[in-house]
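**Student:** I have a structure here, written as structure tokens, and I will follow up with some questions on it.
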């Protein structure tokens, strides 16, 4: 069996090296010639999976270690008889916890206060649902906006997008769509921006082009922007990068656990389709973080796991100095994955009872 895979997929050799001939390639540069004799492809979201890549190839199965599927032409794959599986939901915990780290950083930066705050989560699937729960734990009043979910879930109450206004925090978790009843392409535009409170925080960990970057630059200076996804990745807009208060290279869902989870989900699907040998799932050991003897609060604990301010400083320096998309991809591909809260062994003797309750609700354990 011949398997072609993106060289930047973590643990790809651990799972697939014994299944046949494993050939590793740069995901952004994959073309039809690279895959025409492959039986199986294992890819990330940086590779469009469509007719141009796969027509008249030997490929029978495509596995994508990503939660988003807007890079996959599912209709054409079905017509071509090619099975596929994406690791949908693998990074939901990671993205929700990323949002928590951003909020902790913004409070430390005195951008967000702890007073009564109104938030909206736009796109309330696997990821958005977890984000909403985390926001409630942190004391936000939360509005939910997902009209497509409301069509299939009679118990789900969706606030119309046009009625989202006077907000203090907005978290975007939609796929990118340009057609249909509720297209998301450039949905965050001048009109939306001007409906929000001055100093509103907009966090985008969904798809870059959900935000109209031209309108952001022209009308968005009164808002705070926290961007993990960008238009035209990896050739991102330097002006938008300069405006962003938190800037990260599409790594919101990157945790050690989510990467194990993603490759394992794809491998299990490949086992069923391609009759691969069974193997045990891999589980990383917990990481110890010791605050004993130090006076800290919940934000210090969260930021000890991951501090997006550090990534922001590196990204703003390295990408501008490099001047090309290579720096963005290098930062993304070599990001030092953080741990999920539930896989941290926390020793924190000086944390008060209120903060202990909060971090336990967020997923930590004593």
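Numbering (the working numbering), first residue to last: 109 to 474. Virtual Cβ for every residue (Gly too), placed ideally from N, Cα, C. These numbers come from a predicted model, not from an experiment.
Give the secondary structure of residue 332 by DSSP, where H, G and I count as helix, E and B as strand, and everything else as coil.
**Tutor:** Of the three classes helix, strand and coil, the one that applies to residue 332 here is strand, per DSSP.
**Student:** Give me whichever residues DSSP pairs with residue 169 in a beta bridge.
**Tutor:** 148, 191.
**Student:** Assuming the contact rule is C-beta atoms closer than 8 Å, residue 331 and residue 348 should be a hit. Round their C-beta distance to whole Å, please.
**Tutor:** Their Cβ separation, rounded to whole angstroms, is 12 Å, which puts residue 331 and residue 348 out of contact at 8 Å.
**Student:** DSSP three-state label for residue 441, please.
**Tutor:** Residue 441: helix per DSSP, three-state reduction.
**Student:** Please state the DSSP three-state secondary structure of residue 138.
**Tutor:** Coil.
**Student:** Can you check the region 402-447 for any alpha helix (DSSP H) of at least 4 residues that lies completely inside it and give the ranges in chain order?
**Tutor:** 406-413, 416-430, 433-441, all fully within the region 402-447.
**Student:** Helix, strand or coil: which one does DSSP assign to residue 110?
**Tutor:** If DSSP states are grouped into helix, strand and coil, residue 110 belongs with the strands.
**Student:** Which stretch, first to last residue, makes up the alpha helix (DSSP H) that contains residue 470?
**Tutor:** Unbroken alpha helix (DSSP H) run through residue 470: 461-470.
**Student:** In this structure, does DSSP put residue 245 in helix, strand or coil?
**Tutor:** Residue state, collapsed to three classes: helix.
**Student:** Return the residue from the list 421, 471, 365 that minimises the CA-CA distance to residue 357.
**Tutor:** Of 421, 471, 365, the residue nearest in Cα terms is 421.
**Student:** By DSSP, does residue 270 sit in helix, in strand, or in coil?
**Tutor:** If DSSP states are grouped into helix, strand and coil, residue 270 belongs with the helices.
**Student:** Taking the continuous alpha helix (DSSP H) assigned at residue 300, which residues delimit it?
**Tutor:** 298-302 is the span of the alpha helix (DSSP H), which, as asked, contains residue 300.
**Student:** Identify, in the order they occur along the chain, each residue of the same chain with its Cβ nearer than 8 Å to the Cβ of residue 179, setting aside the five sequence neighbours on each side.
**Tutor:** 153, 154, 155, 156, 157, 172, listed in sequence order.
**Student:** Between which two residues does the alpha helix (DSSP H) harbouring residue 369 extend?
**Tutor:** First-last of the alpha helix (DSSP H) with residue 369: 364-382.
**Student:** Taking 8 Å as the threshold (C-beta atoms), are residue 148 and residue 360 in contact?
**Tutor:** Against a cut-off of 8 Å, the Cβ pair of residue 148 and residue 360 comes out as no contact.
**Student:** What runs of the alpha helix (DSSP H), each 4 residues or longer, lie entirely inside the region 193-261?
**Tutor:** Qualifying alpha helix (DSSP H) stretches, in chain order: 200-216, 234-245, 255-260.
**Student:** In this structure, how does DSSP classify residue 348 when only helix, strand and coil are distinguished?
**Tutor:** Three-state DSSP puts residue 348 in a helix.
**Student:** Is it the case that the Cβ atoms of residue 227 and residue 407 are separated by a distance below 8 Å?
**Tutor:** For residue 227 and residue 407, no; Cβs fall outside 8 Å.
**Student:** Considering only residues of the same chain and omitting the five flanking positions on each side of residue 470, which have a CB-CB separation below 7 Å?
**Tutor:** Same-chain partners within the cutoff: 208, 242, 245, 449.
**Student:** Pick helix, strand or coil for residue 130, following the three-state DSSP scheme.
**Tutor:** Reduced to three states, the DSSP call for residue 130 is strand.
**Student:** Just mark residue 166 as buried or exposed, buried being the case when its beta carbon has 16 or more other beta carbons within 10 Å.
**Tutor:** Exposed, by the Cβ-count rule.
**Student:** With respect to the beta strand (DSSP E) encompassing residue 453, which residues constitute its N-terminal and C-terminal limits?
**Tutor:** Run containing residue 453: 452-455, per the beta strand (DSSP E) assignment.
**Student:** Tell me the residue span of the beta strand (DSSP E) that contains residue 398.
**Tutor:** Note, residue 398: beta strand (DSSP E), 395-398.
**Student:** If I follow the unbroken beta strand (DSSP E) through residue 277, where does it start and stop?
**Tutor:** Residues 277-280.
**Student:** Residue 365: buried (16+ other C-beta within 10 angstroms of its C-beta) or exposed?
**Tutor:** Buried: at least 16 other Cβ atoms inside 10 Å.
**Student:** Under a Cβ-count criterion, where at least 16 other Cβ atoms within 10 Å of its own Cβ denotes burial, should residue 410 be classed as buried or exposed?
**Tutor:** Counting Cβ neighbours within 10 Å, residue 410 comes out buried, since at least 16 surround it.
**Student:** Find out if the Cβ-Cβ distance for the pair residue 296, residue 320 is shorter than 8 Å.
**Tutor:** Yes, the pair counts as a contact, with Cβ atoms nearer than the cut-off.
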